[in-house]
Amino acid sequence: MPQFPKPEDLPDDQRIVITGLGLTAPNGNSLKEFRDSLLNGRSGIQDYEIRYFGKTVAGICDFEVKRHQSRRDARRGTRAGSVGIYCAREAVANSGLDWDNIDTSRVGIYVGITEHGNVETESEIYEISKFDYDTSVWTHHHNPRTVANNPAGEIALNMSITGPHYTIGAACAAGNAGLIQGLQMLRLKECDIAIAGGVSESIHTFGIFAGFNSQGALASHEDPTKASRPFDVNRNGIVVAEGGCLYTLERLSDAKARSANIIGEIVGYAMNTDATDFVLPNPTRQAQCIRMALDRACINAEDIDIVSTHATGTGMGDVLECEAVRDVFGECNNTFINNTKSFIGHTMGAAGAIELAGNLASFDDNTVHPSINVDELDPQCAIDGLVINEARELDRVNYVFNNSFGMLGINSAVVIKRM
Amino acid sequence: MVPAEIRTAIIDILADIAPDEDLSNLNDDQSFRDQMELDSMDFLDIVMELRKRYRVQVPEEDYVQLESMASTVTYLTPKMVAVA
Chain A
2 MPQFPKPEDL PDDQRIVITG LGLTAPNGNS LKEFRDSLLN GRSGIQDYEI
52 RYFGKTVAGI CDFEVKRHQS RRDARRGTRA GSVGIYCARE AVANSGLDWD
102 NIDTSRVGIY VGITEHGNVE TESEIYEISK FDYDTSVWTH HHNPRTVANN
152 PAGEIALNMS ITGPHYTIGA ACAAGNAGLI QGLQMLRLKE CDIAIAGGVS
202 ESIHTFGIFA GFNSQGALAS HEDPTKASRP FDVNRNGIVV AEGGCLYTLE
252 RLSDAKARSA NIIGEIVGYA MNTDATDFVL PNPTRQAQCI RMALDRACIN
302 AEDIDIVSTH ATGTGMGDVL ECEAVRDVFG ECNNTFINNT KSFIGHTMGA
352 AGAIELAGNL ASFDDNTVHP SINVDELDPQ CAIDGLVINE ARELDRVNYV
402 FNNSFGMLGI NSAVVIKRM
Chain B
28 MVPAEIRTAI IDILADIAPD EDLSNLNDDQ SFRDQMELDS MDFLDIVMEL
78 RKRYRVQVPE EDYVQLESMA STVTYLTPKM VAVA
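Line by line, the protein sequences are chains A and B.
Here the numbering used here is used: the first residue of the first sequence is 2, the next is one more, and so on.
Here the numbering used here is used: the first residue of the second sequence is 28, the next is one more, and so on.
Shown next as structure tokens:
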């Protein structure tokens, strides 16, 4: 294990800070709305119906597409592109950057995605099915919509950004992976501003619902707001959700020079791999990933105030993550643990970024939002410090820790420090 | 279809392709490009929608015929005379 320098000992041009964020979640289209929902137990899960699969539940966003995009461009592009454009524009507005005078060749766009292209491919197959599968009616928009860089590229087109843009395919760890990529590119001076995080359009592909259902991992409940229930003994799977969250990241030196409002500093991060199973997580590797992020931040587990868990509401996934979290944070008396998916479901590629955002608000209100829908805590998920159903006020929140894990054993963690 | 019906059909297609445009004052003798923000992908959309909605094929060498409303209607009239 390498010895990392203390983050505060790094030169300011190697310290990376969050200066703005824009988000759309099923229960809020700004951090203010989202935070209010998280502190007041407001779920964003609704009844939903999708072609072929039928009735289910999902986390659905209602952000105003036309705020930042013409109807023509929205039609031409993808839902993930619209989500990305909304989040990126809102993040820039939130950052206070003088956008009209920014050299956009020095802006990089790094967008985490779980999957991309399924929505458009399914839709086109449905379209040609009406024409006896005549491929001459297959749309010429298919390729620009389904290339894997599409969501990031649509942001670049919309905002006239000529720096690098690409997506990071990292299953459900992608939101954190986008942030980490942005941080690394800033440190390498590949860009001066990074727009980084993750997006999801996954509720528009029936395949993801059908796939989780076949796997026995799709949540159902007669009350949609109760369907997503990580850590509850009666949880029965994942609620699929759409959404997005993108951050503006800058080097501390640049942020200071323009007297930017700094939301927090990314002091630690880590990614590793289970290499054990396509689907089932490996808590030993998860715990290792968490410790690597703490090591990079040069802090101990007990320094962390809030751990935002990845738990999705599946039987085994929640138990195994709790094992990893208990292993690292089990002896910490002042570390509190929560979960955001209980409110909004699983926003897939956006999950890491959105769930972090909801907790960064704790730097301002010193409150830990709860996990909801825990009517009967699963004894196997009973970790000390779990904040259930009611928010908890602390004296001060200095560090937020964010877990995000995904299929094929991809693990990620980030540590954000209050400035 | 008679020319007036073909014109309506084209207006419907344009309204879907360019929902932000006001098509009420479209000059039939002026090119689409001079009046609307249309690029090559939009012209392909017109060709595609004609194929999907009316089973009318417009070969690539004839794309120039879709320059204005008047030229489009003239070009499509013999092709769509049998379309209900």
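Each residue gets a CB set at the ideal place from its N, CA and C atoms; glycine is no exception.
On a predicted model such as this, the values are computed, not experimentally measured, just so you know.
| Query | Result |
| --- | --- |
| On the criterion of 16 or more Cβ atoms from any shown chain inside 10 Å, does residue 372 (chain A) qualify as buried, or is it exposed? | buried |
| So, are the CB atoms of residue 115 (chain A) and residue 175 (chain A) less than 7 Å apart? | yes |
| Given a cut-off of 7 Å on the beta-carbon distance, is the pair residue 108 (chain A) and residue 246 (chain A) in contact? | no |
| Considering residue 268 (chain A), what are the terminal residues of the beta strand (DSSP E) in which it resides? | 265–274 |
| Using a 10 Å radius around the Cβ and a threshold of 16 neighbouring Cβ atoms, would you call residue 342 (chain A) buried or exposed? | buried |
| With 16 other CB atoms within 10 Å as the buried threshold, where does residue 363 (chain A) fall? | buried |
| Should residue 79 (chain B) be flagged as near chain A, meaning a C-beta pair shorter than 7 Å? | yes |
| Between residue 93 (chain B) and residue 43 (chain B), what straight-line distance do the alpha-carbon atoms span, to the nearest angstrom? | 17 Å |
| How about residue 416 (chain A) and residue 288 (chain A): do their beta carbons lie closer than 7 Å? | no |
| Between the region 55–86 of chain B and chain A, which residues of the former have CB atoms less than 7 Å from a CB of the latter, in chain order? | 68, 71, 75, 78, 79 |
| Within a Cβ cutoff of 6 Å, which residues of the same chain sit near residue 324 (chain A), ignoring the five residues on either side of it in sequence? | 284 |
| So residue 45 (chain B) contacts chain A; which residues on that side make the cut at Cβ distance below 7 Å? | 73 |
| Given residue 307 (chain A), which residues of its chain have a CB within under 8 Å of its CB, disregarding the five upstream and five downstream residues? | 336, 337, 338, 339, 360, 363, 369, 398, 400, 401, 402 |
| Between which two residues does the alpha helix (DSSP H) containing residue 127 (chain A) stretch? | 119–130 |
| What residue does the alpha helix (DSSP H) around residue 286 (chain A) start on, and which one ends it? | 284–298 |
| When you compare each of A:17, A:112, A:49 to residue 352 (chain A) by their alpha carbons, which one comes out closest? | A:112 |
| Measuring CA to CA, which of B:48, B:64, B:70 is closest to residue 99 (chain B)? | B:70 |
| State the Cα-Cα distance for the pair residue 379 (chain A) and residue 3 (chain A), rounded to the nearest angstrom. | 38 Å |
| For the beta strand (DSSP E) that residue 163 (chain A) lies in, which residues bound it at each end? | No beta strand (DSSP E) holds residue 163 (chain A); DSSP gives it neither H nor E. |
| Are there 16 or more other CB atoms within 10 angstroms of the CB of residue 270 (chain A), so buried, or fewer, so exposed? | buried |
| DSSP state of residue 49 (chain A), grouped into three classes? | strand |
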